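Working notes, structure below.
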Amino acid sequence: MEIIEKIKTNKSIDNQTEIQKICLDKLRSRPLPNPKSEQWRLANKSKFSNFLDYPVNEKNPKFDTPFPNTSKSTIRLVIGNNCQINLIEKNYSIQQLTQDELDKYIKSQIFCFDQNENWSDLLNLSLSNAKNILGLKINGSKIPPIEIFSHSSGNSLNAKTLVIFLEKNCDVELLQVNLGKENSSLSQLTYFCLEENSSLNHGVVSYGENRSNLLNSLKVIQQKNSEYNLGSLHFKFDYARFEISIKQSDGYAKTNIKGMQVTKKDEQISTYTKIEFNGPNGFLDQINKSLADDESHAIFEGSIIVPKIAQKTDASQLSRNLLLSNLAQIDTKPQLEIIADDVKCKHGATISQLNEDELFYMRSRGITLPEASKLQLSSYFQEIISFIPISKDRWDLLDKLLNEK
Amino acid sequence: MQSKMKESEPILEVENLSASTDNLPILKGVSLTVHPGEIHAIMGRNGCGKSTLSKIIAGHPSYNITNGGIKFLGENINSLEPEERAQSGIFLGFQYPIEIPGVSNLEFLRVSTNARRKFLNKEELDTFDFEELVKEKLEIVKMDHAFLSRSVNQGFSGGEKKRNEILQMALLEPKIAILDETDSGLDIDALRIVASGIKKISSAQTGIILITHYQRLLDEIKPNYVHVMSDGQIIKTGDSDLALELEKKGYEWTDNFIKET
Ligand SMILES: Nc1ncnc2c1ncn2[C@@H]1O[C@H](COP(=O)(O)OP(=O)(O)OP(=O)(O)O)[C@@H](O)[C@H]1O
Ligand SMILES: [Mg+2]
């Protein structure tokens, strides 16, 4: 845990910003999350410590996207690549947040950090230097789809931070892509503030190469009448955590989440979600799928918090899981914390496997065993992939998943 | 006419077939030969082994053939995998079609149709061309297009599942179709639709085995032969009048034949 030792002795980072100083201070007093806490008890200890075993990378080597070229109508940004953007068009504007706006917002967040729940955020903000923080405010209508890339480079730990304000009434499609290079760790922290009446279709696609690691933390605040749709896909990381926290600050908002994680070999990928309803008439529809093969381990823990003030909340959460091998493991734990009494909350978890009757039925129609499982898998993936904005037309995500060795 | 059919090569020959599951004998020497253009009906009490016979012909891995065998177009198929049998033209319409949650019916139909087409050296169909083909076949069973976008059989009513089976038969154009109680659970109109569908799909080159408990289906599709099964054996074979006689006299009447055989 090279990086933690350096933090303890305050040798980790040169030229610290004010935010970094605050966060490093906090980390020094308690450098690691409590391994017995709900959020961390299932984390594979050696994999987690591998994550921390790289030196911090402060330079950003040139990044060639191995991805489909942008069409003219898409905006593509790469965090860390000096991305300056200041677009003021007839119908919309996309502008950089000022340093003041950024600092003020981030400080207000740090103020309410919890040691275990926000440990990944704290680490990120300790390591993320000014170049690796991108802050945007978006406003208007007919906004072109936006793609934002985060990537790690080999043999290093990389921290990237994204803060986005969606101003009133705006409607955005945004795909976030997190890429792990071989032997590297990526810490990504993303904040979204959805103001009243705004709507965001958000896609998160994260995948790595051999022995790459990811801590991906996503914080969303939704004001009244906003709509937040998230389609996410995480695969091919030796170790990855996706931590989602969504707060409907005054109720009357809509949240739809379709997430999926795919693990193979001895990978461990986990998703933790926390959805808080801080006002009445909130809506949530969430499905999380895990698919685990070989000796891998997938984890899903979802908590839904409905306090007294959140009357008439309508929330459902479903966890669906597919185990493809006897040695693979899936832990899934939906959690409901309801104090309000007039609410509709459903949650459930199912673990399924290709069963013999289904297989014989498919085979009796001429479908071979590998085709049968491919067919089931592709349908299984398709539900999530079709929910990821922008990707579906140009990215062969399904191909990547099905043909990934 | 009958004698002419006999001259042609049989499609299916089940020869003295005995089979068991978990060392429990279920079939005890079944013989049955189907020539092109023939329609056979198999009747018999619940539990006598009709579905087991059909599943073994389709290659179900849970059953062991302990004696005898199955020939399809003159070749022994005992050791063929179920998918190989299906690709070469054996179709089983399930008594209880399986629900496969999460697998799109349209994709399922397309992949299976292409598997059969590949065997026939026909061009495989992409989603677009397949939609055209399936539209035409849906017409045969009067099924709504909406069924294609659902998961395979999931939440289908009993009758809808049976129509989906016939839709598959229409797409796969088998040499021989074994339809296991396709008529059970169908309302009167649906029975007619399904029966006329089966007639449309079959031809002088194909064979059909109808497993049924009811005369109603046999009124619509007149069989050339009716077989009565009991305790894993065919104990009597006759023409379509045998079914009528059974209807009147019940299976007790056939119990006497066991002694005869
Ligand atoms: N996999 C199995 N394991 C144990 N017993 C089985 C198995 N398959 C079939 N059997 C038994 O074999 C016998 C024949 O079953 P089968 O389903 O073939 O009957 P059937 O003639 O189709 O009856 P029905 O008219 O009710 O559909 C039954 O007693 C059944 O319980
Ligand atoms: Mg049966």
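Quick note, the sequences are listed as chains B and H, same order.
So the number in this note's numbering is just where the residue sits in the first sequence, counting from 1, plus 539.
So the number in this note's numbering is just where the residue sits in the second sequence, counting from 1, plus 124.
For every residue, glycine included, the Cβ atom is placed at its ideal position computed from N, Cα and C.
Note that the coordinates shown come from a computational prediction; the quantities given were computed from them, not determined experimentally.
The C-beta distance from I189 of chain H to N202 of chain H rounds to 6 Å, short enough to meet the 8 Å contact threshold. Taking non-hydrogen atoms of ligand 2 into account, the C-beta of K174 of chain H is found less than 7 Å away from one of them. If one requires a minimum length of 4 residues, the alpha helix (DSSP H) runs lying completely within the segment 244-298 of chain H are 251-265 and 282-296, in chain order. For the options B:D833, B:I826 and B:I614, the alpha carbon positioned closest to that of S771 of chain B is the one of B:I826. Neighbours of S903 of chain B in chain H, taken as residues whose beta carbon is under 7 Å from its own, are A182, P206, A210 and L216 in chain order.
Annotation for D304 of chain H: the continuous beta strand (DSSP E) segment containing it runs I300 to D304. Spanning the alpha carbons of L233 of chain H and Q727 of chain B requires a straight line of approximately 42 Å. Beta-bridge partners of D642 of chain B (DSSP): none assigned. Judged by the Cβ position, Q219 of chain H qualifies as a neighbour of ligand 1 at the 7 Å threshold, a heavy atom of the ligand being closer than this. Between the segment 308-316 of chain H and the segment 135-149 of chain H there are fewer than three C-beta pairs closer than 8 Å, too few to call the two in contact. The segment 792-806 of chain B makes contact with the segment 759-766 of chain B, as at least three CB pairs between them are under 8 Å. Under the criterion of beta carbons closer than 8 Å, I929 of chain B and P684 of chain B qualify as touching, at roughly 5 Å.
Between R287 of chain H and M267 of chain H, the alpha-carbon positions lie close to 7 Å from each other.
With fewer than 16 neighbouring CB atoms inside 10 Å of its own CB, C651 of chain B falls in the exposed class.
The Cβ-Cβ distance between I672 of chain B and T637 of chain B does not fall below 8 Å.
In this structure, the CA atom of N657 of chain B is about 16 Å from the CA atom of A779 of chain B. Interface flag for D935 of chain B against chain H is unset, since no Cβ pair is found closer than 8 Å. Going by C-alpha positions, L341 of chain H is about 15 Å away from K324 of chain H. Per DSSP, the continuous beta strand (DSSP E) segment holding P149 of chain H begins and ends at L148 to V158. Think of a sphere of 7 Å around the beta carbon of I906 of chain B: the chain H residues whose beta carbon falls inside it are E207, V235, S236 and A239, in chain order.
Residues of the segment 219-231 of chain H with a Cβ closer than 7 Å to any Cβ of chain B, in chain order: I222, I224, G226, V227, S228 and E231.
Annotation for Y767 of chain B: the continuous beta strand (DSSP E) segment containing it runs E766 to F774.
The C-alpha of S756 of chain B lies about 7 Å from the C-alpha of D660 of chain B. Around the beta carbon of Q800 of chain B, a 10 Å sphere encloses 16 or more other beta carbons of the protein chains shown; the residue is thus reported as buried. Judged by their CB atoms, L739 of chain B and V711 of chain B are nearer to each other than the 8 Å cut-off. Residue-level contact by beta carbon fails for Q278 of chain H and chain B, as no gap is shorter than 8 Å. Collapsing the DSSP output to three states places V882 of chain B in coil. With a threshold of 8 Å between beta carbons, Q357 of chain H makes no contact with chain B. For a Cβ distance threshold of 9 Å, residue set R904 of chain B lies close to Q292 of chain H, ordered along the chain. Considering only beta carbons, no part of the segment 724-750 of chain B lies closer than 7 Å to chain H. The Cβ of F652 of chain B sits no closer than 8 Å to any Cβ of chain H. Between the alpha carbons of F381 of chain H and Y900 of chain B lies a distance of about 35 Å. Taking 4 residues as the minimum length, the segment 721-759 of chain B contains no alpha helix (DSSP H) run wholly inside it. By the rule that beta-carbons nearer than 8 Å mark a contact, F899 of chain B touches chain H.
F816 of chain B sits close to I844 of chain B, with the two beta carbons spaced by under 8 Å. Annotation for V845 of chain B: no alpha helix (DSSP H) segment contains it, though the beta strand (DSSP E) segment containing it runs H836 to V845.
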